[in-house]
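Only one structure is covered here, and it is reproduced in the block below.
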Ligand SMILES: C[S@@+](CC[C@H](N)C(=O)[O-])C[C@H]1O[C@@H](n2cnc3c(N)ncnc32)[C@H](O)[C@@H]1O
Ligand code: SF4
């Protein structure tokens with residue numbers, strides 16, 4: 492087994508786990524906090540220490556992207572985010588064009604603060620808009636109005652952010668096709684470079700899961716909404732390059748592309764996941780989830796939980812789980828480089844799905860067919876570790 496991935500793209504994820512309000516559909520590791528109670532200094536200290544302790548994992552790797560996610564990281568001051576980014580520059584080698592994204596909520600938008608974020612090197616914003624429809628925003632218990640979302644986008648643009656993603660969700664309670672089309676129309680009018688379009692899912696451990704809204708659309712209706720959306724995005728010049736990601740030319744999210752291509756990344760902060768290749772193995776680990784426990788554990792070096800090396804079956808599954816999300820698919824050579832396994836292992840695993848035309852191969856590229864893409868979850872189940880296909 493020889494892993495070329497150990498020399499390839501590397502990303503850093505930084506998790507900031509607090510929000511002003513916990514949305515009823517959200518299963519992310521995020522906790523409601525009063526702004527005055529945010530343990531900002533202590534948490535940044537912990538992140539810096541975590542990064543220092545992780546140096547062996549990114550030695551000789553060039554960092555091509557950093558993603559500061561959450562939660563709502565824009566709750567933190569520009570000074571705090573500058574402190575962690577300065578530590579990144581001191582401890583890591585960042586590429587000159589390193590993509591540095593900050594996740595934001597329109598309810599926490601202040602022009603001055605965002606100008607300071609830009610000055611500290613943050614060159615991409617991901618704004619959680621969800622919808623521009625007042626009644627849907629209310630059902631989702633969002634802390635901002637549609638107007639505030641538009642002002643946030645336009646202010647960010649006027650400050651000088653040229654690389655902006657907005658998150659939209661569809662399949663919302665009571666949402667009509669027309670309402671969904673109006674959301675996309677508004678999003679495209681804002682001329683952002685990237686739009687993430689997620690179907691609302693009822694995640695266990697959320698209020699919506701325990702008490703589902705009565706007017707959730709059924710799967711056919713959501714499928715209808717999504718198909719209209721895909722056509723609208725294409726007409727507006729947004730290329731669908733992943734299940735939920737649409738970008739103007741050359742504006743794909745480098746950080747997420749690295750995940751989908753099964754690249755390596757270090758995740759620091761409460762609950763963050765990492766995936767790191769060495770010359771012969773691929774290892775995953777996760778950090779302590781509760782923010783307080785994380786801050787207590789870092790100084791004693793007890794914050795990294797559940798480190799494990801992926802088996803051959805898991806490598807095949809996880810490679811496909813990520814790469815099959817990409818419209819362009821992947822090459823067998825990329826599989827070999829990032830898993831250290833032979834191309835033949837992959838081709839054997841894929842043979843039945845190729846035969847059934849759920850996958851197609853054109854020269855060196857393998858991708859899902861239209862039917863395979865529609866039933867991607869079912870297709871992926873075939874490759875679950877321990878199933879007969881591998
Ligand atoms: C971690 S949130 C970050 C954005 C920011 N916290 C906000 O909500 O404004 C990332 C995105 O995940 C999406 N998301 C969260 N929960 C979801 C769910 N249950 N189903 C589909 N998408 C979801 C939302 O679009 C959200 O903007
Ligand atoms: S603001 Fe974002 S991260 Fe926070 S609870 Fe809502 S969706 Fe989740």
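In the numbering used here, the protein residues as written are 492 to 881. Here a beta-carbon is modelled for each residue, glycine too, at the ideal position from N, C-alpha and C. Keep in mind it's a predicted model, so treat the numbers as computed, not measured.
{"Check": "Apart from the five residues on each side of it in sequence, which residues of its chain come closer than 8 Å, Cβ to Cβ, to residue 715?", "Outcome": "668"}
{"Check": "Could you pull the DSSP bridge partners for residue 509 from this structure?", "Outcome": "522"}
{"Check": "Excluding the 5 residues flanking residue 900 on each side, which residues of the same chain have their C-beta closer than 7 Å to its C-beta?", "Outcome": "Any property of residue 900 remains undetermined from this structure, which presents the chain solely from 492 to 881."}
{"Check": "Any chance you could list the alpha helix (DSSP H) runs of at least 4 consecutive residues sitting entirely within the segment 589 to 641, in chain order?", "Outcome": "602 to 610 and 625 to 630"}
{"Check": "Which residue or residues does DSSP assign as beta-bridge partners of residue 660?", "Outcome": "689"}
{"Check": "Say the cut is 7 Å; is the CB of residue 518 nearer than that to a heavy atom of ligand 1?", "Outcome": "yes"}
{"Check": "Alpha helix (DSSP H) containing residue 571: first to last residue?", "Outcome": "569 to 582"}
{"Check": "Distance check for residue 864 and residue 834, CA to CA, integer angstroms please.", "Outcome": "22 Å"}
{"Check": "The alpha helix (DSSP H) that contains residue 680, what's its start and end?", "Outcome": "668 to 680"}
{"Check": "When you compare each of 782, 774, 860 and 510 to residue 831 by their alpha carbons, which one comes out closest?", "Outcome": "774"}
{"Check": "Return helix, strand or coil for residue 866, following the three-state DSSP convention.", "Outcome": "coil"}
{"Check": "Short of 7 Å in beta carbon distance, which residues of its chain neighbour residue 792, apart from the five on each side in sequence? Order them along the chain.", "Outcome": "544"}
{"Check": "Pairing CB atoms from the segment 529 to 548 with CB atoms from the segment 758 to 770, are three or more of them under 8 Å?", "Outcome": "yes"}
{"Check": "Spatial neighbours of residue 549 within its chain, please: C-beta separation below 7 Å, excluding the five flanking residues on both sides.", "Outcome": "501, 583 and 757"}
{"Check": "Taking DSSP's pairing of strands, which residues face residue 774 in a bridge?", "Outcome": "767 and 800"}
{"Check": "Quick check on the DSSP output: the alpha helix (DSSP H) that includes residue 699 runs from which residue to which?", "Outcome": "698 to 701"}
{"Check": "What did DSSP end up calling residue 881 once you bin it into helix, strand or coil?", "Outcome": "Model confidence at residue 881 stands at a pLDDT of 42, short of 50, so the residue's coordinates are unreliable and nothing is read from them."}
{"Check": "Considering just the uninterrupted stretch of the beta strand (DSSP E) at residue 560, what are its terminal residues?", "Outcome": "553 to 561"}
{"Check": "In whole angstroms, give me the CA-to-CA distance for residue 616 and residue 650.", "Outcome": "12 Å"}
{"Check": "Do residue 654 and residue 618 count as a contact pair if the criterion is CB distance below 8 Å?", "Outcome": "no"}
{"Check": "According to the neighbour-count rule (16 or more other Cβ atoms, all chains shown, within 10 Å of its Cβ), is residue 516 buried or exposed?", "Outcome": "buried"}
{"Check": "Can you tell me the Cα-Cα spacing of residue 739 and residue 825, whole angstroms?", "Outcome": "25 Å"}
{"Check": "Is the segment 732 to 749 touching the segment 699 to 715 in the sense that three or more CB pairs, one from each, lie closer than 8 Å?", "Outcome": "no"}
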